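Engineer: The opening position of the sequence shown corresponds to residue 14 in my numbering, with each subsequent residue numbered one higher. Where is the CB? At the ideal position from N, CA and C, for every residue including glycine. Note that the coordinates shown come from a computational prediction; the quantities given were computed from them, not determined experimentally. Structure in structure tokens, see below.
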Amino acid sequence: MDLRTEDYARIEQAILFLESKHNEQPSLEAAAQSVGLSDHHFQRLFRRWAGISPKRFVQFLTLDHAKRLLRESRSVLDATFEAGLSSPGRLHDLFVHCEAVTPGEFQRQGAGLTISYGFFPTPFGECLLATTERGICSLLFVTAGGRRATLADLASRWPGARLAENSPALAAIARKIFDPAVNGTPRPLTLLLKGTNFQIKVWEALLRVPLGAVTSYGDLARRIGQPAASRAVGAAVGSNPIAYLIPCHRVIRGLGMFGNYGGGVTRKKAMLAWEAAEAERAHAPSPPSEEAPR
14 MDLRTEDYAR IEQAILFLES KHNEQPSLEA AAQSVGLSDH HFQRLFRRWA
64 GISPKRFVQF LTLDHAKRLL RESRSVLDAT FEAGLSSPGR LHDLFVHCEA
114 VTPGEFQRQG AGLTISYGFF PTPFGECLLA TTERGICSLL FVTAGGRRAT
164 LADLASRWPG ARLAENSPAL AAIARKIFDP AVNGTPRPLT LLLKGTNFQI
214 KVWEALLRVP LGAVTSYGDL ARRIGQPAAS RAVGAAVGSN PIAYLIPCHR
264 VIRGLGMFGN YGGGVTRKKA MLAWEAAEAE RAHAPSPPSE EAPR
């Protein structure tokens with residue numbers, strides 16, 4: 014198993030343990046024991062995976078943090094949406110460009126289309142990545158049902174398409190998505206979207222929610238000009254076919270609860286805490302440079 018995938022599996026176990034014992038307020042030492050690690054190796058696990066201590070990571074999982082982040086994100090997102098949705102979305106150093114299938118292609122449900130796919134390790138567990146000649150059409154995290162269920166999910170979204178496993182051809186794309194630092198000059202990733210006009214409008218709006226920020230279903234509905242459509246927005250968010258790149262995990266409930274996620278709510282919590290750590294590092298002041306001796 015890839016080290017990142019193995020690390021994530023233990024992170025997920027630790028989150029589940031802490032949640033199951035929430036009323037008892039278990040110690041981090043107990044959480045370490047629950048995943049079969051010493052305190053020292055538990056600290057190293059979180060430092061390696063998220064770059065922060067387990068104590069800081071757990072703080073990012075609290076309801077108070079989610080509420081505060083929701084409040085702090087509102088002004089930033091309002092300014093972003095006022096600037097318009099025409100510019101490409103951005104993820105780390107990646108620019109993301111969206112292309113929608115035509116109405117005729119939508120009706121054909123992928124007939125005559127070949128979709129290449131592969132399974133790849135990520136910081137959030139294994140994923141299924143799928144592409145066509147026109148762009149990435151799916152990114153799904155493998156859940157308890159395993160690879161077979163995830164592949165069946167892809168097939169149900171494109172029932173007329175021919176699916177062809179081709180991991181070697183997609184490996185570089187997977188690295189670009191999850192290891193952007195290893196790439197040189199950023200080049201746009203094209204996403205091929207198959208959905209209704211409303212769904213695509215919601216998915217494109219999600220691209221404006223940056224790493225380290227969150228929004229609520231109601232706020233997202235307001236920002237796309239349909240304030241009474243929060244339920245429909247929630248349904249569109251839930252049907253997002255390209256996880257992570259279209260960051261539906263950054264949508265939480267208005268009261269700060271995390272809400273559902275196709276890849277599992279525990280994964281959603283882990284992703285948001287990981288991104289909070291990334292954002293915190295990005296905004297940390299640089300250490301003062303030492304003056305050269307005279």
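(1) Whole-angstrom Cβ separation of glutamate 25 and arginine 280, contact assumed at under 8 Å?
(2) Give the DSSP-derived three-state secondary structure of glycine 208 in the structure shown.
(3) Spell out a yes or no on whether the segment 224 to 232 and the segment 185 to 192 are touching, meaning 3 or more CB-CB pairs, one atom from each, closer than 8 Å.
(4) What does the Cβ neighbour count give for aspartate 91, buried or exposed, with the cut at 16 atoms within 10 Å?
(5) Expressed to the nearest angstrom, what Euclidean distance is found between the alpha-carbon atoms of tryptophan 287 and arginine 17?
(6) Does the count of Cβ pairs from the segment 241 to 251 and the segment 202 to 217 closer than 8 Å reach three?
(7) Are the segment 288 to 295 and the segment 265 to 277 in contact at 8 Å, needing three or more beta carbon pairs?
(8) Do you know offhand how far glycine 208's Cα is from alanine 113's?
(9) Please report the distance separating the alpha-carbon of asparagine 179 from that of phenylalanine 137.
(10) Tell me, to the nearest whole angstrom, how far the beta carbon of tryptophan 171 is from that of glutamine 120; I am working on the premise that it is less than 8 Å.
(11) If we count the other Cβ atoms within 10 Å of its Cβ and call it buried at 16 or more, is alanine 157 buried or exposed?
(12) For glycine 275, does the three-state DSSP call read helix, strand or coil?
(13) Given this structure, state the Cα-to-Cα distance separating leucine 177 from tyrosine 130, to the nearest angstrom.
(14) Sort Lys34, Leu206 and Cys261 by Cα distance to proline 116 and report the nearest one.
Structural biologist: Considering the structure as presented:
(1) 7 Å between Cβ atoms; contact.
(2) Judged by DSSP in its simplified three-state form, glycine 208 adopts coil rather than helix or strand.
(3) They do not touch, by the three-pair rule.
(4) That one is exposed.
(5) Roughly 13 Å separates the two Cα atoms.
(6) Yes, the segment 241 to 251 is in contact with the segment 202 to 217.
(7) For the pair of segments examined, the segment 288 to 295 was found not to touch the segment 265 to 277: the number of CB pairs separated by less than 8 Å stays below three.
(8) Our two residues, glycine 208 and alanine 113, have alpha carbons roughly 8 Å apart in a direct line.
(9) C-alpha separation (whole angstroms): 22 Å.
(10) For tryptophan 171 against glutamine 120, the beta-carbon gap comes to about 13 Å, at or over 8 Å, which does not count as contact.
(11) Classification for alanine 157: exposed.
(12) For glycine 275, the secondary structure class from DSSP, reduced to helix, strand or coil, is coil.
(13) What sits at residue 177 in the sequence shown is alanine, not leucine. One C-alpha to the other measures close to 6 Å.
(14) In terms of Cα proximity to proline 116, the closest of Lys34, Leu206 and Cys261 is Leu206.
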